Each structure stands twice: as structure tokens, then as C-alpha cells.
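Undergrad:
Number of protein chains: 2
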Amino acid sequence: MTKEAGKTPESTKVRRRKDARPAEIIAAGISEFEEYGFRGANLARIAKKAGIAKGTIYLYFPSKEALFLAAIETHISSVMGESEAGLAEVEGTTQELLTQLLRNLYARFVHGEAQALFHILLSEGDRMPGVISDYHAMTVQRGGTLLKNILARGVERGEVTPGPALETPHVVIAPAVYFAVHTIMFKNTQPLDYDKYFEAHLDLLVRGVLAR
Amino acid sequence: MTKEAGKTPESTKVRRRKDARPAEIIAAGISEFEEYGFRGANLARIAKKAGIAKGTIYLYFPSKEALFLAAIETHISSVMGESEAGLAEVEGTTQELLTQLLRNLYARFVHGEAQALFHILLSEGDRMPGVISDYHAMTVQRGGTLLKNILARGVERGEVTPGPALETPHVVIAPAVYFAVHTIMFKNTQPLDYDKYFEAHLDLLVRGVLAR
DNA sequence: GGCATTACTGACCACTGGGTCATTTGCGGA
DNA sequence: TCCGCAAATGACCCAGTGGTCAGTAATGCC
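For the protein sequence lines, the chains are A and B, in the order given. Using the numbering used here, the first residue of the first sequence is number 754, and each one after it goes up by one. Using the numbering used here, the first residue of the second sequence is number 754, and each one after it goes up by one.
Right under this line is the structure:
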């Protein structure tokens with residue numbers, strides 16, 4: 754998902770484009786950081802991807818860390834912005850809402866770029882508590898609230914039976930995170946069957962496991 | 754979790770102990786790799802922890818990578834060995850078995866050293882497909898089989914209702930993995946309440962979420 | 001066209017850290 | 001006690017990389 758995306762098409766000629774640079778550098782940075790993480794990322798390579806000299810990066814960002822922060826920040830809002838599409842508004846049974854929410858979650862989290870971001874933050878989040886907080890707010894926090902609302906409404910409608918699991922909605926989406934983790938670790942050796950897994954996840958939510 | 758653990762108590766005196774060295778170096782390596790991961794680990798620091806000179810490491814291991822592999826291998830079998838204690842043998846209802854299995858899982862995975870191992874492999878597993886395979890076999894594979902047996906027996910007893918979730922037992926333990934992931938990422942900023950979470954997990958298994 | 005401004009360059013610096021090896025030192029045997 | 005070997009040392013080597021800066025050239029103004 755990288756390659757020669759945003760460089761001047763023709764020319765080995767130098768161009769002065771002060772206002773376009775930062776975004777280009779950030780784009781190159783995102784692709785680099787996604788692929789190699791923070792430590793593994795290489796400034797010379799980022800410069801190459803952006804079609805500029807290494808020194809130019811330092812005209813716009815004071816350090817590798819600063820570029821990383823800017824890139825992550827940009828990436829988070831881009832990735833999260835997409836998934837904004839008002840879910841809570843949709844009418845339907847709780848099961849329909851949940852299914853839709855989960856499909857959406859899996860789509861971005863398992864196949865999309867959200868997974869790379871997750872991987873980076875999981876691996877190297879220690880170095881940037883601020884970013885971690887933002888990330889938490891935009892994912893866990895927001896998703897949790899949304900889920901709680903859906904479930905609360907479900908209880909009112911008699912579609913959901915109250916219980917501890919509703920106050921800790923984490924457990925409801927946990928299997929999706931597990932799927933992402935499993936994919937990251939084992940995709941090359943022991944990949945999971947997506948359809949089966951998704952069905953099992955839904956089944957768990959619908960009826961639990963133990964007979965009553 | 755490191756510090757001056759396993760060095761010769763007294764002395765700045767050099768000692769020749771060919772047979773004890775590898776284990777000491779591995780021990781120091783484990784602690785270092787746990788704290789910094791592979792890339793972040795520093796050979797000089799490992800040597801210091803082991804109470805030897807850097808060069809000595811290379812008398813026993815040809816490279817940083819080799820030491821890492823040896824350390825991980827040792828660590829995996831130590832961590833996994835502990836949890837061997839035959840669970841499948843215990844008599845009791847399916848719910849009791851599941852509860853016990855989960856308690857055990859949480860205990861090692863959330864508080865124990867298994868989490869550090871998980872974190873390393875998740876972050877830097879790409880570089881070592883062999884280790885990843887081993888890890889998969891010793892955790893996912895084995896745990897999955899165990900869980901399938903428990904659930905199958907539960908079905909026979911009429912304690913478990915059959916369904917897709919039983920063929921993908923991943924979803925059953927997924928919340929535990931989620932907890933570990935959440936802990937790794939957010940322990941300093943947004944820690945979860947363990948007891949509540951555990952209860953919610955169990956609740957999910959017992960009765961699902963949606964009313965029938 | 002000439003000039004001032006400044007975006008841009010890339011050779012260079014400084015430092016880190018994995019890996020080497022000539023030298024030193026502990027130790028067992030004669 | 002002395003010798004020879006192998007264990008251990010740590011100064012050194014060098015590749016990789018974040019960061020610098022004197023010089024270059026694009027651009028806009030007169």
C-alpha cells in the first residue's frame with residue numbers, strides 16, 4: 754500500500770512546494786511506520802518515498818519522534834473518521850444493529866489499515882502515552898459508549914437480558930480484537946476462517962454457550 | 754522486573770564456569786528481551802546482568818538472534834510447562850471446569866510472565882516463524898483442543914447447547930486475550946477492573962447477551 | 001536580467017550497538 | 001610449582017542511522 758504515490762510525476766528537478774511538503778512527508782511516514790514500526794523506520798527511506806532529500810524532512814519536523822507523532826495523529830483521525838457513519842441512528846432489531854456494528858468493526862480492524870495502526874501502538878505505545886490516550890478515547894471509549902447505548906435500548910425493548918456483560922461491553926467485541934491479534938501473529942502459518950469465526954462470534958452473543 | 758538478579762554474589766574476580774554460563778546468559782537474556790523486545794535489547798546490558806563481559810556471550814551463542822531464539826525457547830517451555838497441570842481430569846460441571854480454566858488462563862496471561870512473552874511475539878514475531886509455530890502449537894492449538902473436549906463433554910451431559918461457537922472455541926477465550934491486550938496498551942492510563950471483567954466474561958459464556 | 005530570499009540538497013558528523021580477537025587469567029595435571 | 005589450555009575479557013572495529021549545515025538553485029520582485 755505504499756510505493757510511488759505522491760511524488761512529482763516527471764522530473765528529477767527540484768521543486769519548491771513549502772505547503773505541500775508536510776502532508777507528503779506524513780504520508781510517506783505513515784507507510785514507513787506501518788511497515789517497520791517506529792524503531793525500524795528509516796528516515797532516508799521516508800525521504801525517498803516522499804521524493805525529497807533527508808534534510809528536507811527536518812525543515813518541517815524537528816525529529817523522527819515528532820514526525821511519528823504527526824503521522825500517527827493524522828492516521829488515527831483518518832482511520833477513525835471513516836467509521837463515523839452514524840450507526841446509532843439505524844433502525845432495526847438489536848441483533849441487526851450488533852451484526853452491522855461487528856461487520857463494520859471486522860472490516861476495518863481485520864482487513865483494513867486500522868490493524869497496522871493497532872499493531873504499532875500495541876508494540877511501541879509505551880513511548881507515547883499521549884497518543885495512547887487519544888487512541889483509547891477514539892476507539893475503546895467511543896465504541897464502548899455506542900455499544901452500551903445499543904444494549905441499553907435492547908434491554909428496554911426486551912431484546913436483551915440484563916447482566917454483568919452489559920456493563921463491560923468490552924467482552925462483547927473482544928472476539929474481534931482476538932481475531933485481529935490472531936491474524937497479526939499467525940496469518941502466515943495458521944490463518945482463521947473469517948466467515949466461520951464471525952458466525953461463532955455472533956452465535957456467542959446470541960445464545961451464550963451454556964444451556965440454561 | 755530485572756535488576757541484579759543472578760550474578761555471583763561476591764567478587765569482581767573472573768570465574769571459569771563453562772557449564773553454568775549458557776543458562777545464566779539465557780536468564781539474563783529473558784529478562785532483557787521481556788523488557789525491551791528483540792530490537793531494543795542490548796548485548797552489553799545482557800552481559801552486565803549475567804555478570805560477564807560482552808565477548809563471553811559469543812563463546813556460547815553465535816549471534817544476538819541465536820541467543821534470542823534460545824531464550825524464547827526456554828521461556829516458552831518454562832511458562833507453558835507450569836500450566837500443564839491436568840485440567841481435563843477434574844470432575845465437575847462444565848461451568849466449573851470452564852471457570853477453572855479461565856481463572857488459570859487469566860492468572861498467567863494477565864498477571865504472569867506469559868504476558869511479556871505474548872507481547873514480544875506479537876510485536877516481533879515476524880522475524881521468527883519457527884518460534885511462532887511452536888507458540889501456536891503450545892497455546893492456541895493445545896488450549897483449543899482442551900476446550901473442545903470440555904465443551905463436547907458438556908454437550909453429552911446436556912450442559913452445553915451445540916452451535917457454531919463450539920467449533921471455534923477461540924471465541925470462548927477471546928475476552929481473556931482482549932484483557933491482556935488492553936492491559937498491555939492501557940494499563941497506565943485506563944486499567945480495567947479485573948473482577949468485574951472476569952464476571953462479565955463468564956456471564957457472556959453462561960447466557961450470551963441476547964434474549965431468546 | 002539582476003538580486004534577495006529561502007526551499008532544498010546531500011555530504012558529513014556523532015553516536016549507538018552488534019560482533020571480533022589479541023591478550024589476560026583461572027585452573028587442572030604433571 | 002610450573003605449564004598449557006581453554007575460559008574470559010574489553011578495547012576495538014565498522015555498519016547503520018538520526019540529525020546538521022554550508023552550499024545550491026528555484027522563485028518572485030524590481
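All C-beta atoms, glycine included, are put in the ideal place defined by N, C-alpha and C. The structure displayed is predicted, hence computed values, not measured ones.
#1: How long is the line joining the alpha carbons of B:Phe-951 and B:Lys-817, rounded to whole angstroms?
#2: Note down the Cα distance separating B:Phe-871 from A:Pro-775, rounded to an integer number of angstroms.
#3: Determine the DSSP secondary structure at A:Pro-762, reduced to helix, strand or coil.
#4: Going along the region 942-962 of chain B in order, which residues come within less than 9 angstroms of chain A, judged by CB to CB distance?
#5: Measuring straight from C-alpha to C-alpha, what distance separates A:Ala-905 and A:Asp-887?
#6: Between which two residues does the alpha helix (DSSP H) containing B:Asn-857 stretch?
#7: Apart from the five residues just before and just after B:Val-924, which ones in its own chain have a Cβ nearer than 7 angstroms to its Cβ?
#8: When we look at the beta-carbon of B:Arg-769 and count the other beta-carbons within 10 Å, is it buried (16 or more) or exposed?
#9: Report the rounded CA-to-CA distance for A:Arg-861 versus A:Met-833, giving the unit in angstroms.
#10: Where does A:Val-767 sit, in a helix, a strand or coil, going by DSSP?
#11: Using 10 angstroms around the beta-carbon of A:Arg-960, count the other beta-carbons present and answer buried if the total reaches 16, otherwise exposed.
#12: To which residues of the same chain is A:Leu-855 closer than 8 angstroms at the C-beta, ignoring the five residues directly before and after it?
#13: Along chain A, which residues have their Cβ under 8 angstroms away from the Cβ of B:His-864?
#14: Check each candidate in B:Phe-939, B:Lys-807, B:Phe-791 and name the one with the smallest Cα separation from A:Ile-885.
#15: Mind listing the chain A neighbours of B:Ser-816? Cutoff is C-beta to C-beta under 9 angstroms, in chain order.
#16: Among B:Ser-831, B:Val-863, B:Thr-827, B:Ile-779, which one has its Cα closest to the Cα of B:Pro-944?
#17: Which parts of the region 770-824 of chain B are runs of the beta strand (DSSP E), unbroken and 3 residues or longer, counting only runs that do not cross its ends?
#18: For the alpha helix (DSSP H) that contains B:Leu-945, what are its first and last residues?
#19: Whose CA, out of B:Glu-787, B:Glu-849, B:Gly-865, lies closest to the CA of B:Leu-958?
#20: Using a C-beta cutoff of 8 angstroms, does A:Val-832 count as contacting chain B?
#21: Does chain A have any CB closer than 8 angstroms to the CB of B:Glu-788?
#22: Is B:Gly-865 helix, strand or coil by DSSP?
#23: For B:Glu-844, which of helix, strand or coil comes out of DSSP?
#24: Apply the 10 Å Cβ neighbour rule to B:Thr-846 and answer buried if 16 or more other Cβ atoms are within range, or exposed otherwise.
#25: Looking only at its own chain, which residues have a Cβ that is under 7 angstroms from the Cβ of A:His-935, when we skip the five neighbours before and after it?
#26: With a Cβ-Cβ cutoff of 8 angstroms, do B:Ala-800 and B:Ala-806 count as a contact?
#27: So what's B:Pro-928 in DSSP terms, helix, strand or just coil?
TA: Taking the definition as stated:
#1: 39 angstroms
#2: 36 angstroms
#3: With a pLDDT of 37 at A:Pro-762, under the threshold of 50, the modelled position of this residue cannot be trusted; read the value that follows with caution. Of the three classes helix, strand and coil, the one that applies to A:Pro-762 here is coil, per DSSP.
#4: Thr-942, Gln-943, Leu-945, Asp-946, Lys-949, Tyr-950, Glu-952, Ala-953, His-954, Leu-955, Asp-956, Leu-957, Leu-958, Val-959, Arg-960, Gly-961, Val-962
#5: 26 angstroms
#6: 847-859
#7: Ala-918
#8: exposed
#9: 9 angstroms
#10: coil
#11: buried
#12: Ile-926, Ala-929, Phe-951, His-954, Leu-955
#13: In chain order: nothing, as chain A lies at least about 18 angstroms away.
#14: B:Phe-939
#15: Ordered by position in chain A, no residue passes the 9 angstroms Cβ test against B:Ser-816, which lies about 18 angstroms from the chain.
#16: B:Val-863
#17: none
#18: No alpha helix (DSSP H) holds B:Leu-945; DSSP gives it neither H nor E.
#19: B:Glu-849
#20: no
#21: no
#22: coil
#23: coil
#24: exposed
#25: Leu-945
#26: yes
#27: helix
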